[in-house]
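J.: The structure follows.
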Amino acid sequence: MSLPRIKVAAAHLAPVWMDAAATAAKACDAIGEAARAGAQLVMFPESYIPGFPAWTALAAPILTHEHFARFAAQSIRADGPEVASLRQAARRHGIHVSFGFSESTAASLGCLWNSNMLVGPDGAVLNHRRKLVPTYYEKLVWAPGDAQALRVVDTPIGRIGTLICGENTNPLARYALMAEGEQLHLATFPPIWPTRMPGEAAAYDIEEAIRIRCGAHSFEAKCFTLVASSFLDATAARALAAISPEAARVIEGTPRAVSMAIGPEGRQIGQSQREEGLLLVEMNLADCVEPKQFHDVVGYYNRFDIFQLSVDRTPRAPIRFRDAAGAEPAYPELDEPA
């Protein structure tokens, strides 16, 4: 079996804050830039369209109704024009594209999901999944997803799996991808993750957390990991800081996320991307083979007679109507094939 050498790009970019159409246009420009640089895949961060709802960490929900209303209005449909434009750009430039977005639905004006879509170089949707569990204060914004698309996709540039932010800390979700022969893992993150006031000893350092958990996944799966984190630009920082003086101090003092790549032995490849721009990385998927001799946790380095994992991929629709033609979901986008 011949495994390819590939070139991939992580888009360490800021969205056009709370503007879905403008952010999609910026992403299309980045897709073209990545393709011209020779990348066969470009990935965008968590909730890149229309931005990450960091205000949920900065003030009580009774003080941020207008932020949620604007976010919901700028969240997009999986079959909407913004997604269509990214699919067209992927086809135009002949490149795989992975992007995070806040997803809305015809079933509700306020129900949103933290979603990711992988598109092929022909513009076809290869996978569309929703984060299984919103993390911490994300529960104020997003609903839980299901496991319908918790799967690895076989592509000409390798077997690709994707997890969103905190999912990369979930050993069962990670193992589900490992057990389908994942070779390239895509991990998306927000620009900041405030948990305490700046200066407190237990404050969360998102860069350190990314390095620990994504390094662990590569080391355990013997796969490559590409990390794309969002960049917090001045416009978003000002909007968040305007919530209160305390919010301004948190925004100023909270560590920023980085984008990076990690090899199948768990070591980082090259430098981290901290400034806004594309991180370009070359990978040889054949390098995933030798480390499997040491610990193949989906092969001989396990005890399947002792440990078993079952994943329910049943799609979860809010309602189904039954008529003479049979049962149909009320909202097909909630029950689409992966």
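According to the working numbering, the sequence shown is numbered sequentially starting from 1382.
For every residue, glycine included, the Cβ atom is placed at its ideal position computed from N, Cα and C.
#1: Run the CB neighbour count on residue 1685, radius 10 Å, all protein chains shown included, and call it buried at 16 or more, exposed below.
#2: Does DSSP put residue 1587 in a helix, a strand or coil?
#3: So is the beta-carbon of residue 1669 under 7 Å away from any non-hydrogen atom of the ligand FMN?
#4: Since residue 1399 sits in a beta bridge, which residues does DSSP pair it with?
#5: Consult DSSP for residue 1551 and reduce its assignment to one of helix, strand or coil.
#6: Decide if residue 1671 is buried, meaning its Cβ has at least 16 other Cβ atoms within 10 Å, or exposed.
#7: Can you tell which of 1581, 1647, 1425 has the C-alpha that lies nearest to the C-alpha of residue 1606?
#8: For the alpha helix (DSSP H) holding residue 1464, just list the boundary residues, first then last.
#9: Spatial neighbours of residue 1555 within its chain, please: C-beta separation below 6 Å, excluding the five flanking residues on both sides.
#10: Going by beta-carbon coordinates alone, are residue 1390 and residue 1661 separated by less than 8 Å?
#11: Using the C-alpha atoms, what's the distance from residue 1422 back to residue 1476?
#12: Measuring alpha carbon to alpha carbon, tell me which residue in 1699, 1610, 1603 is nearest residue 1664.
#13: Counting C-beta neighbours from all protein chains within 10 Å, is the total for residue 1718 16 or more, i.e. buried, or is it exposed?
#14: Expressed to the nearest angstrom, what Euclidean distance is found between the alpha-carbon atoms of residue 1462 and residue 1701?
#15: Do residue 1642 and residue 1650 have their CB atoms nearer than 8 Å?
#16: Taking just the CA atoms, how far does residue 1575 sit from residue 1585?
#17: My guess is that residue 1565 and residue 1541 are in contact by the Cβ rule of under 8 Å, so how many angstroms apart are they, rounded?
#18: In terms of residue numbering, what span does the beta strand (DSSP E) encompassing residue 1389 cover?
#19: Classify residue 1704 as buried or exposed, calling it buried when 16 or more other Cβ atoms lie within 10 Å of its own Cβ.
#20: Is residue 1622 helix, strand or coil when you go by DSSP?
#21: By DSSP's criteria, residue 1493 is part of a beta bridge. Which residues make up the other side?
#22: Taking only three categories from DSSP, how would you classify residue 1503?
#23: With a 10 Å radius around its C-beta and 16 neighbouring C-beta atoms as the bar for buried, classify residue 1682 as buried or exposed.
#24: Determine the extent of the beta strand (DSSP E) in which residue 1609 is found, giving its start and end residues.
T.: With the structure as the only source:
#1: Taking the sequence shown and counting its residues from 1, one reaches residue 1685 at position 304. Exposed, because fewer than 16 other Cβ atoms sit within 10 Å of the Cβ of residue 1685.
#2: On the sequence shown, position 206 is the one that residue 1587 refers to. Correct three-state label for residue 1587: helix.
#3: This structure simply doesn't include the ligand FMN, nor any ligand for that matter.
#4: As a first step, residue 1399 is located in the sequence shown; it is residue number 18 there, counting from the start. Answer by DSSP bridge pairing: none, since residue 1399 is not bridged.
#5: Counting from 1 along the sequence shown, the entry for residue 1551 is found at position 170. Three-state DSSP puts residue 1551 in coil, outside helix and strand.
#6: Against the sequence shown, residue 1671 aligns to sequence position 290. Classification of residue 1671: exposed, given that the 10 Å Cβ count is below 16.
#7: If you number the sequence shown from 1, residue 1606 lands on position 225. Ranking the options by Cα distance to residue 1606, first place goes to 1647.
#8: Counted from its first residue, the sequence shown places residue 1464 at position 83. Counting along the chain, the alpha helix (DSSP H) containing residue 1464 begins and ends at 1462-1474.
#9: Position 174 of the sequence shown holds residue 1555. The answer, listed in chain order, is 1598.
#10: The sequence position of residue 1390 within the sequence shown is 9, counting from 1. The sequence position of residue 1661 within the sequence shown is 280, counting from 1. Cβ distance < 8 Å, so residue 1390 and residue 1661 count as in contact.
#11: Here residue 1476 corresponds to residue number 95 of the sequence shown, with the count starting at 1. Here residue 1422 corresponds to residue number 41 of the sequence shown, with the count starting at 1. Between residue 1476 and residue 1422, the C-alpha separation is close to 6 Å.
#12: For the purposes of this step, residue 1664 is taken as the residue at position 283 of the sequence shown. Among 1699, 1610, 1603, the Cα nearest to that of residue 1664 is on 1603.
#13: As a position in the sequence shown, residue 1718 is number 337, starting the count at 1. Interpretation of residue 1718 is limited by its pLDDT of 39, a score under 50 that renders its predicted location unreliable; the figure taken from the coordinates is listed afterwards. With fewer than 16 other Cβ atoms within 10 Å, it is exposed.
#14: Taking the first residue of the sequence shown as position 1, residue 1462 is located at position 81. Taking the first residue of the sequence shown as position 1, residue 1701 is located at position 320. Going by the C-alpha atoms only, they are around 27 Å apart.
#15: As a first step, residue 1642 must be located in the sequence shown, where it is residue number 261. As a first step, residue 1650 must be located in the sequence shown, where it is residue number 269. Result yes, Cβ atoms of residue 1642 and residue 1650 sit closer than 8 Å.
#16: As a working note, residue 1585 is residue 204 in the sequence shown. As a working note, residue 1575 is residue 194 in the sequence shown. About 7 Å.
#17: Looking up residue 1565 in the sequence shown gives position 184. Looking up residue 1541 in the sequence shown gives position 160. Going by Cβ atoms, the distance from residue 1565 to residue 1541 rounds to 5 Å, so yes, they are a contact pair.
#18: In the sequence shown, residue 1389 corresponds to position 8, counting from 1. Unbroken beta strand (DSSP E) run through residue 1389: 1386-1393.
#19: Looking up residue 1704 in the sequence shown gives position 323. Exposed, because fewer than 16 other Cβ atoms sit within 10 Å of the Cβ of residue 1704.
#20: Translated into the one-based positions of the sequence shown, residue 1622 becomes position 241. DSSP places residue 1622 in helix when its eight states are reduced to three.
#21: For the purposes of this step, residue 1493 is taken as residue 112 along the sequence shown, with counting starting at 1. In the DSSP output, where bridge partners are listed per residue, residue 1493 has none listed.
#22: For the purposes of this step, residue 1503 is taken as residue 122 along the sequence shown, with counting starting at 1. Looking at residue 1503 - three-state DSSP - the assignment turns out to be coil, as it is neither helix nor strand.
#23: The residue given as residue 1682 occupies position 301 in the sequence shown. Answer is exposed; the Cβ neighbour count stays below 16.
#24: To locate residue 1609, count along the sequence shown from 1; it is residue 228. Looking at the DSSP string, the run of the beta strand (DSSP E) that includes residue 1609 is 1605-1610.
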